[in-house]
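In case it helps, our numbering puts the sequence shown at residues 1079 to 1281. Idealized CB from N, CA, C, for every residue including glycine.
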Amino acid sequence: MFLLSHLLVWAAYLVLFSFTSICLASGLFYLAEWVEEYTVLTKKVIRWTIIVVVVLHLMLMILENLPPLYLLLGLVAHGAYFSLLPSFPYIEFTDPRFLVSVALAISDHCLWFWYFTQYYYPFSEILAFFVLIVWAVPFLFFLSLTANDSNLPGAGYGPSPSSSKKKGKGKGLNLRSLFSFLGEKKNQVMEQADPYASSVKLG
């Protein structure tokens, strides 16, 4: 009975993890669709989120006993994020501003992760800090990557024969195409697992 109960617990964890992953993927896909349709509103949301996070950094400097240099790095990182807004949603992955923003985002995350492993804080406070202070703005920019290709001038029209070959090699994956690819793979797996259901659907 002891072994069986452990197996049941792990099976329940596996089912819970699967459903959680599906819910997260569905939510991200919906947000990516929303960002693609309302790019102007998304830009305003990102701008005000940056402003709020900067104010929170300043309040933490005054009210909390956190390392000022780490908070200063966070301010610099959000300044780099703000520099991406004038060209939003057109973000070039080779743009120095984008590369600097990515480097600062990774550095900010690593430094705070190291800090919270050295000093004890309740898990709820650590999670709130990372979600609101460290991850919020990079996550919004990550979702907005889906708008890069779809909002380019002429994106709604078919490519010309002369340009299709050039775009075939240079076109990168965005968030929406990634989710579409995963959805197609899931359907293929389901059809292979239950060929009778797929044949009935086709008939």
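Beta-carbon proximity of residue i to residue j, cut-off 8 Å
i: Tyr-1159; j: Ser-1185; result: no
i: Ala-1183; j: Pro-1216; result: yes
i: Ala-1103; j: Leu-1221; result: no
i: His-1285; j: Val-1123; result: A query on residue 1285 cannot be resolved here, the shown segment of the chain reaching from 1079 to 1281 and no further.
i: Leu-1147; j: His-1135; result: no
i: Leu-1138; j: Leu-1144; result: yes
i: Leu-1218; j: Thr-1127; result: yes
First and last residue of the uninterrupted alpha helix (DSSP H) at residue i
i: Phe-1208; result: Taken as a continuous stretch (DSSP letters only), Phe-1208 belongs to no alpha helix (DSSP H), as it is neither H nor E.
i: Leu-1221; result: 1214-1222
With 16 other Cβ atoms within 10 Å as the buried cut-off, status of residue i
i: Thr-1172; result: exposed
i: Gly-1246; result: Its pLDDT being 40, under 50, Gly-1246 is placed unreliably in this model, and the value from its coordinates should be taken loosely. Answer is exposed; the Cβ neighbour count stays below 16.
i: Gly-1223; result: The question names Gly, but residue 1223 is Leu in the sequence shown. With 16 or more Cβ atoms within 10 Å of its Cβ, Leu-1223 is classed as buried.
i: Glu-1203; result: exposed
i: Glu-1115; result: exposed
Rounded Cβ spacing between residue i and residue j (contact assumed at less than 8 Å)
i: Trp-1190; j: Phe-1208; result: 7 Å
i: Arg-1175; j: Leu-1162; result: 6 Å
- Item | Contained alpha helix (DSSP H) runs [length at least 4] in the region 1120-1201, N- to C-terminal order | Here the runs fully enclosed are 1146-1161, 1174-1196.
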